[in-house]
Amino acid sequence: MTVFATIVELTLRALLGRRRTVLLVLLAALPVLVALLARVSGRTPEEATLFDAMVRTVLPLVALVFGTSALGSELEDGTAVYILAKPIRRAQVILAKAGVAGSLTGGLVVASTLGSGILAGGTLATTVGFAVAAAVAAFAYVVLFLAASVFTGRALILGLIYTLVWEGALAGILEGTRQFSIREATLSLAAALAPAGSGIQGGLELGGAVGLVAVVIAGGLALAIWRLAGWEVRGSD
Amino acid sequence: MTASRAASSATGSIYDLGYRGYDGPRLGRRHAVRALFAHSLRVSYGIGRGGRAKIAPIVLGGIAIIPAIVGIGVLALARQMGAPGGVVEEASPIQHNTYFGIIATLVMLFCAAQVPEVLGRDQRYNLLSLYFSRALRREDYAVARLAGVVAAILVFVLLPQTIIFLGLVLSAPDVAAEFGKELAFVPPILAQGALISVLLGSVSAAIASFTPRRLYATTAIIVVLAVVPVVGGILVSLDAPALARFVALASPMDILEATNAILFDTSSGSDVITEAGLPDLAYFAAAALISAAAIAILVRRFRKIAA
Amino acid sequence: MTVAPPTSTPGSSVVEVDHVSRWYGNVVAVNDISFSLRPGVTGLLGPNGAGKSTLLHMLAGLLRPSSGRVNVFGQTVWRNPGLYARIGLVPEREAVYSFLTGREFVMLNARLQRMPDADRATAAAIRTVDLEGAADRAIGTYSKGMRQRAKIAGALVHDPQILLLDEPFNGMDPRQRLHMIALLRTMAAEGRTILFSSHILEEVERLADSILVLFAGRLAASGSFREIRRLMTDRPHTFHVRSSDDRRLAAALVGETAVFGIDLSSGRLAVSSSEFGAFTRLLPRVARDARITLLEVTPTDDSLESVFAYLVRR
Numbered sequence: 689m690t691v692f693a694t695i696v697e698l699t700l701r702a703l704l705g706r707r708r709t710v711l712l713v714l715l716a717a718l719p720v721l722v723a724l725l726a727r728v729s730g731r732t733p734e735e736a737t738l739f740d741a742m743v744r745t746v747l748p749l750v751a752l753v754f755g756t757s758a759l760g761s762e763l764e765d766g767t768a769v770y771i772l773a774k775p776i777r778r779a780q781v782i783l784a785k786a787g788v789a790g791s792l793t794g795g796l797v798v799a800s801t802l803g804s805g806i807l808a809g810g811t812l813a814t815t816v817g818f819a820v821a822a823a824v825a826a827f828a829y830v831v832l833f834l835a836a837s838v839f840t841g842r843a844l845i846l847g848l849i850y851t852l853v854w855e856g857a858l859a860g861i862l863e864g865t866r867q868f869s870i871r872e873a874t875l876s877l878a879a880a881l882a883p884a885g886s887g888i889q890g891g892l893e894l895g896g897a898v899g900l901v902a903v904v905i906a907g908g909l910a911l912a913i914w915r916l917a918g919w920e921v922r923g924s925d
Numbered sequence: 002m003t004a005s006r007a008a009s010s011a012t013g014s015i016y017d018l019g020y021r022g023y024d025g026p027r028l029g030r031r032h033a034v035r036a037l038f039a040h041s042l043r044v045s046y047g048i049g050r051g052g053r054a055k056i057a058p059i060v061l062g063g064i065a066i067i068p069a070i071v072g073i074g075v076l077a078l079a080r081q082m083g084a085p086g087g088v089v090e091e092a093s094p095i096q097h098n099t100y101f102g103i104i105a106t107l108v109m110l111f112c113a114a115q116v117p118e119v120l121g122r123d124q125r126y127n128l129l130s131l132y133f134s135r136a137l138r139r140e141d142y143a144v145a146r147l148a149g150v151v152a153a154i155l156v157f158v159l160l161p162q163t164i165i166f167l168g169l170v171l172s173a174p175d176v177a178a179e180f181g182k183e184l185a186f187v188p189p190i191l192a193q194g195a196l197i198s199v200l201l202g203s204v205s206a207a208i209a210s211f212t213p214r215r216l217y218a219t220t221a222i223i224v225v226l227a228v229v230p231v232v233g234g235i236l237v238s239l240d241a242p243a244l245a246r247f248v249a250l251a252s253p254m255d256i257l258e259a260t261n262a263i264l265f266d267t268s269s270g271s272d273v274i275t276e277a278g279l280p281d282l283a284y285f286a287a288a289a290l291i292s293a294a295a296i297a298i299l300v301r302r303f304r305k306i307a308a
Numbered sequence: 004m005t006v007a008p009p010t011s012t013p014g015s016s017v018v019e020v021d022h023v024s025r026w027y028g029n030v031v032a033v034n035d036i037s038f039s040l041r042p043g044v045t046g047l048l049g050p051n052g053a054g055k056s057t058l059l060h061m062l063a064g065l066l067r068p069s070s071g072r073v074n075v076f077g078q079t080v081w082r083n084p085g086l087y088a089r090i091g092l093v094p095e096r097e098a099v100y101s102f103l104t105g106r107e108f109v110m111l112n113a114r115l116q117r118m119p120d121a122d123r124a125t126a127a128a129i130r131t132v133d134l135e136g137a138a139d140r141a142i143g144t145y146s147k148g149m150r151q152r153a154k155i156a157g158a159l160v161h162d163p164q165i166l167l168l169d170e171p172f173n174g175m176d177p178r179q180r181l182h183m184i185a186l187l188r189t190m191a192a193e194g195r196t197i198l199f200s201s202h203i204l205e206e207v208e209r210l211a212d213s214i215l216v217l218f219a220g221r222l223a224a225s226g227s228f229r230e231i232r233r234l235m236t237d238r239p240h241t242f243h244v245r246s247s248d249d250r251r252l253a254a255a256l257v258g259e260t261a262v263f264g265i266d267l268s269s270g271r272l273a274v275s276s277s278e279f280g281a282f283t284r285l286l287p288r289v290a291r292d293a294r295i296t297l298l299e300v301t302p303t304d305d306s307l308e309s310v311f312a313y314l315v316r317r
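Chains as they are written, first to last, in the numbering used here: chain A, 689 to 925; chain B, 2 to 308; chain C, 4 to 317.
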C-alpha cells in the first residue's frame with residue numbers, strides 16, 4: 689500500500705468517528721429536511737433559496753469541522769510525530785489529508801444539493817450546476833481551513849470569524865471584500881454553471897470566481913506544505 | 002502540627018520553619034461560588050492565561066467596539082464642524098437601538114468560542130471531582146459557571162453601548178440636555194443586554210456542558226444560533242406563517258431581534274418576525290422559557306455527571 | 004576538577020551535536036551543548052525540566068535549534084525527512100491513534116517507512132516487544148506499559164540504525180522493563196546507536212554504556228559514569244567497612260595520610276579517602292597488621308545516584 693493511500697486510510701478512519709459523522713450528516717441534511725417539510729405542507733421550496741442557505745451555513749461549517757481536524761487534531765495532541773518523523777514528502781501528507789477532507793465535505797454538500805434539488809423540483813441542469821459549484825467550493829474551504837490549522841491551533845474559531853464576519857457581515861458593508869470571499873465565488877460559479885434564471889446571483893465575474901478558487905486552493909496547499917515542513921513540536925519538558 | 006516554637010536565649014533564637022497547619026477561618030460555600038463565578042468570567046476573556054487564550058475574545062471584542070468608536074468619532078467631528086442638530090445623529094447607523102443587531106454575529110461567535118472554554122475544560126482534564134469534593138455543590142458549580150458566562154456576555158454587549166452613550170453625551174453642545182435624552186435609553190439597553198446575556202449564555206452553556214471537546218461544542222452552538230435562523234429564513238420564503246411562527250419562537254437570535262425592536266420601539270427588519278406576526282409578550286415568554294429550560298438542563302447535567 | 008565542555012569530533016560518530024542551544028523567548032531550554040554519539044547505549048539523564056525532551060526533539064529533527072547544528076550521519080537533521088528511514092523515535096507523549104489496534108499502528112509505521120514487506124516487519128516487531136497477545140485490540144484499551152511497547156514496536160519496525168527514546172520505561176512494570184533493557188542491549192550490540200532519556204537512575208545505571216548528564220539546560224558531565232566519578236577528586240570516596248573490630252580498625256586507619264575521614268556515628272564504620280587507589284591497597288595491609296578480619300567493604304557513593312547528586316548540587 690503506498691504512502692499516500694496509507695495516509696488517506698488513516699485520515700478517513702480518524703475523521704469518520706461515530707458521533708461526529710452522524711451530526712455532520714444531519715447538518716448537511718438540514719436543507720433537505722426543510723425542503724421535505726415544505727413539500728409535506730403542500731408548498732414548493734425555491735431551489736435557489738435552499739442552495740443559497742446551504743452555501744452560507746452548511747458548506748463552511750462542514751468544511752470547518754473536516755478541514756481543521758484532518759491534520760489539526762494530530763498537530764495539537766502530538767500524534768503528528770508518527771507521520772512527520774518518516775521519510776515522506778510533506779506535500780504527500782497535505783495532499784492526502786486535503787483530499788480526504790475535501791472529498792468528505794464535497795460528498796456531503798453535493799448530496800445535500802441534489803436532495804434539495806429533487807425536492808424543489810428543479811431542472812437537472814440547474815441542480816447539477818449547483819452541485820458542481822458546491823463541490824469546488826468544498827475543496828476551496830477545506831484547503832483554506834487545513835492550511836490555517838497548520839499555522840495555529842485556533843483555526844476553528846478563526847475560520848468561523850472568516851465565514852460569519854468577513855464573508856457575512858462585512859460583505860454587506862464593504863463591497864470590496866466580496867472579491868476575497870469564497871462564498872461569493874461559489875455563488876458566482878453556481879450562477880454561471882446553471883442555466884440562466886436559476887435565481888442565484890454572485891458578486892463576482894466568472895473569471896474572478898475561478899481565479900479566487902484557484903488561488904485559494906493552490907496557495908493554501910503551498911502554504912500548508914511549506915509550514916508543515918518547518919513544523920516544530922510544541923514545547924514541554 | 003506543632004506551633005511555631007522559638008528557642009531563645011539571651012543572645013539568639015531558633016525558629017521552627019517546619020510544616021504549619023492552617024487554623025484560620027474557612028470561607029464556605031458562598032465564597033466558593035463567588036470565586037468560581039469570578040474564575041468563569043476571567044476564563045471567558047482569557048485573563049490569567051497565556052496570549053493564545055486571549056486571541057478570540059480580544060479580536061471579537063475589538064471588532065465589536067470599532068463601529069461604536071468610529072461612529073462616535075464621526076459624530077463628534079460633525080458636531081464640532083457645526084452640523085445642524087440631530088441630522089447626523091439620525092442618519093448614523095450607529096445608534097443604541099441598532100447596535101445590538103450590528104454585533105449580533107460577534108456575540109454569537111463570542112459564545113461559540115468562549116463558552117466551551119469555560120464549561121468544557123474541567124471535563125477535559127477530569128477536574129470535576131476536585132470541585133465537587135469541596136464546599137461547592139454540584140448545582141452551585143453549574144450556576145456559578147453560568148453566572149460567569151452571563152456576566153461575560155453582558156460586558157461584551159454593554160461596552161459598546163456605553164461608548165456610544167459617553168460619546169454622545171460628552172460631544173454634545175449641551176451636555177445636560179443630551180444626558181437627559183440618553184438616560185431614556187438606559188432601561189431598554191439594560192433590559193436587552195440582560196436578555197441577550199441570559200438567553201444566549203444559558204443556551205450556549207447547556208450545549209457546551211455536554212462535551213469536553215471544543216470542536217463539537219463550538220460547532221453545536223453555531224448551529225443552534227446561526228443555522229436555525231437561516232432555516233427560518235427559508236421557511237419564511239415559503240410563505241408559511243405557521244412555520245415562521247415556530248422558528249421565530251425557537252430561534253434565540255430571532256427572539257432577541259424581536260425583543261430589541263419591542264424594547265426600543267422600532268420596527269424589526271427581519272422577515273421572520275414580520276411573517277410570524279406574534280404578540281410582543283410571546284417573545285419575552287419564549288425567551289424566559291428557553292432560558293429556564295437551558296438552565297434546568299445545565300444543572301441536571303452536572304448533577305448527573307460522573308466525577 | 005572540571006574541564007571546559009567538549010566540542011564534537013567530526014567524522015567518527017553517528018550523531019554530532021555542535022554547540023546547540025534552544026530558547027523560547029527569554030527562557031533557555033538547552034544551553035550550548037556539544038557531544039557525539041557512537042554505537043552503543045547512551046543514557047540522557049537529568050531532572051524534569053532539564054531539557055531532555057527538548058534535546059531529543061532536536062536530535063529527531065522535530066525542533067529547530069536556535070543556534071548550533073545537529074548532524075546525523077553527517078547531514079543536518081532539521082528539515083531532512085529522508086534521514087528518518089534510519090532513525091526510530093519513541094516520543095514521550097501519551098497520545099497515540101487510539102482507534103487503531105496495536106498491529107495496525109505498527110503497520111502504519113511500517114508502511115510510512117516504505118518497508119517492502121510491511122506485514123513481515125510488523126509481525127517481527129510485535130513479537131520483539133512481546134505484544135502479540137494484545138496486538139489486535141484497540142490501543143485505546145491498552146495499559147500504559149502496553150502503549151509504550153506499541154510505540155517502541157512502531158519505532159523498531161524499519162530496523163533503524165539510530166533509536167531515540169524519550170522516557171521509554173514510563174509505566175512499565177519490572178518484568179517489562181527488564182525485557183526492554185535486554186532488547187535494547189541486544190540492539191546496541193548489533194551496532195546500533197541508542198539514546199534514551201530518563202530521570203530514573205537505576206535504569207540508566209543498568210543499561211547505559213555512557214551517560215550525558217543534563218541539568219538546567221547545560222551538559223553537566225558526559226562519558227562513563229565510573230570515569231566521571233574518578234574525576235570528581237575534590238570529593239572523597241566513602242566506604243562502609245564491616246570488620247571483626249571496627250573501632251580498633253578505625254584507630255589504625257586514622258593515622259594513614261590517604262584516609263580523609265572516619266565516621267562511627269551510625270554504628271558502622273565509614274571511611275572516606277580522596278585517593279582511591281592508595282586506599283584500596285592500604286586497607287587490607289592495615290587490617291592484616293592489626294590482626295582484624297575484614298568482613299565487608301562496600302563503596303557507598305560509587306553509584307550513579309551520588310554522582311548525579313553531586314553534579315546537580317554544584
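All C-beta atoms, glycine included, are put in the ideal place defined by N, C-alpha and C. Keep in mind that this is a model prediction, so the values were computed, not measured.
Three or more C-beta pairs closer than 8 Å, one from the segment 250 to 259 of chain C and one from the segment 220 to 233 of chain C: is that the case here?
No, because fewer than three Cβ pairs between the segment 250 to 259 of chain C and the segment 220 to 233 of chain C fall closer than 8 Å, the two stretches do not touch.
What does residue 860 of chain A touch in chain B if you count any residue whose Cβ is under 7 Å from its own?
Those do not exist, as residue 860 of chain A stays about 11 Å from chain B at its closest Cβ, beyond 7 Å.
Among B:200, B:280, B:254, B:157, which one has its Cα closest to the Cα of residue 290 of chain B?
Answer by Cα proximity: B:200.
Using CA coordinates, which residue listed in C:284, C:169, C:189 is at the minimum distance from residue 54 of chain C?
The candidate whose alpha carbon is nearest that of residue 54 of chain C is C:169.
Check whether the Cβ atoms of residue 835 of chain A and residue 912 of chain A lie closer than 7 Å to each other.
Yes.
Taking DSSP's pairing of strands, which residues face residue 224 of chain C in a bridge?
DSSP output for residue 224 of chain C lists C:216 as bridge partner(s).
For residue 4 of chain B, count neighbouring Cβ atoms within 10 angstroms of its own Cβ and tell me buried if that reaches 16, exposed if not.
Residue placement at residue 4 of chain B is poorly supported in this model, since its pLDDT is 45, which falls under 50; the coordinates are not used for a value here.
Is residue 83 of chain B helix, strand or coil by DSSP?
In the structure shown, residue 83 of chain B sits in coil (DSSP, three-state: anything other than H, G, I, E or B).
Does residue 696 of chain A get closer than 7 Å to chain C when you measure Cβ to Cβ?
Not one chain C Cβ lies under 7 Å of residue 696 of chain A.
Taking 7 Å as the CB-CB cut-off, is residue 740 of chain A touching chain E?
Looking at the structure shown, chain E is missing, and the protein chains on hand are A, B and C.
Can you tell me whether residue 689 of chain A is buried or exposed? The criterion is at least 16 other CB atoms within 10 Å of its CB, across all chains shown.
Exposed, by the Cβ-count rule.
Per DSSP, what kind of secondary structure is residue 91 of chain C in: helix, strand or coil?
Three-state DSSP puts residue 91 of chain C in a strand.
Which same chain residues end up closer than 6 Å to residue 81 of chain C when comparing Cβ atoms and leaving out the 5 residues on each side of it in sequence?
For residue 81 of chain C, where only same-chain residues beyond five positions count, the Cβ hits under 6 Å are 64, 67.
So with CB distances below 9 Å, who are the chain A contacts of residue 238 of chain B?
Within 9 Å Cβ-Cβ: 733, 734, 737.
Interface residues of chain A around residue 53 of chain B at Cβ under 9 Å?
Within chain A, the residues near residue 53 of chain B are 840, 841, 842.
Note down, in chain order, all residues in the segment 756 to 782 of chain A with a beta-carbon under 8 Å from any beta-carbon belonging to chain C.
The segment 756 to 782 of chain A vs chain C, Cβ under 8 Å: 765, 766, 767, 769, 770, 771, 772, 773, 774, 775, 776, 777, 778.
Would residue 917 of chain A pass as an interface residue toward chain C - the criterion being a Cβ-Cβ separation below 7 Å?
So, interface residue.
Quick one: is the Cβ of residue 156 of chain C within less than 6 Å of any heavy atom of the ligand FAD?
The ligand content of the structure shown is nil, which means the ligand FAD is not present either.
Within 10 angstroms of its Cβ, does residue 751 of chain A collect 16 or more other Cβ (buried), or is it exposed?
With 16 or more other Cβ atoms within 10 Å, it is buried.
Could you tell me the alpha carbon to alpha carbon distance between residue 711 of chain A and residue 272 of chain B, rounded to whole angstroms?
About 29 Å.
Would you mind telling me which residues of chain A sit closer than 8 Å to residue 206 of chain B, beta carbon to beta carbon, in chain order?
The premise fails here: residue 206 of chain B is roughly 17 Å from chain A at the closest Cβ pair, so nothing lies under 8 Å.
Throw me the rounded Cβ distance for the residue 99 of chain C and residue 150 of chain C pair, which I believe falls under 8 Å.
That belief holds up - the Cβ atoms of residue 99 of chain C and residue 150 of chain C are roughly 6 Å apart, short of 8 Å.
Taking the alpha-carbon of residue 85 of chain C as reference, which of C:163, C:139, C:202 has the nearest alpha-carbon?
When each option's Cα is compared against that of residue 85 of chain C, the closest is C:163.
Is there a C-beta anywhere in chain C that falls below 7 Å from the one on residue 954 of chain A?
Given that chain A is displayed from residue 689 to residue 925, the structure contains no residue 954 of chain A and the question cannot be resolved.
List, in order along the chain, the chain B residues whose C-beta lies closer than 9 Å to that of residue 715 of chain A?
The contacting residues are 220, 224, 228.
Using the Cα positions of residue 163 of chain B and residue 795 of chain A, report the straight-line distance between them to the nearest angstrom.
Distance between the alpha carbons of residue 163 of chain B and residue 795 of chain A is about 47 Å.
Are the C-beta atoms of residue 922 of chain A and some chain B residue less than 7 Å apart?
Closer than 7 Å: no.
Do residue 95 of chain C and residue 204 of chain C have their C-beta atoms closer together than 7 Å?
Contact: no.
Assuming residue 88 of chain C contacts residue 57 of chain C under a Cβ cut-off of 8 Å, what Cβ separation, rounded to an integer in Å, is found between them?
So it is not a contact: roughly 24 Å between Cβ atoms.
Going by DSSP, what residue range makes up the alpha helix (DSSP H) through residue 230 of chain B?
Its alpha helix (DSSP H) spans residues 229 to 238.
Measure the alpha-carbon distance for residue 157 of chain C versus residue 31 of chain B and round it to whole angstroms.
So the two alpha carbons sit approximately 53 Å from each other.
Residue 905 of chain A: which of A:827, A:704, A:744 sits nearest, CA to CA?
Of A:827, A:704, A:744, the residue nearest in Cα terms is A:827.
Under 8 Å Cβ to Cβ from residue 780 of chain A, same chain only, skipping five residues before and after it: list those, please.
Around residue 780 of chain A: 691, 692, 695.
Applying the criterion that 16 or more other CB atoms from any shown protein chain within 10 Å of the CB defines a buried residue, is residue 206 of chain C buried or exposed?
Buried.
According to DSSP, is residue 81 of chain C helix, strand or coil?
If DSSP states are grouped into helix, strand and coil, residue 81 of chain C belongs with coil.
Identify whether residue 243 of chain C lies in helix, strand or coil by the three-state DSSP scheme.
Residue 243 of chain C: strand per DSSP, three-state reduction.
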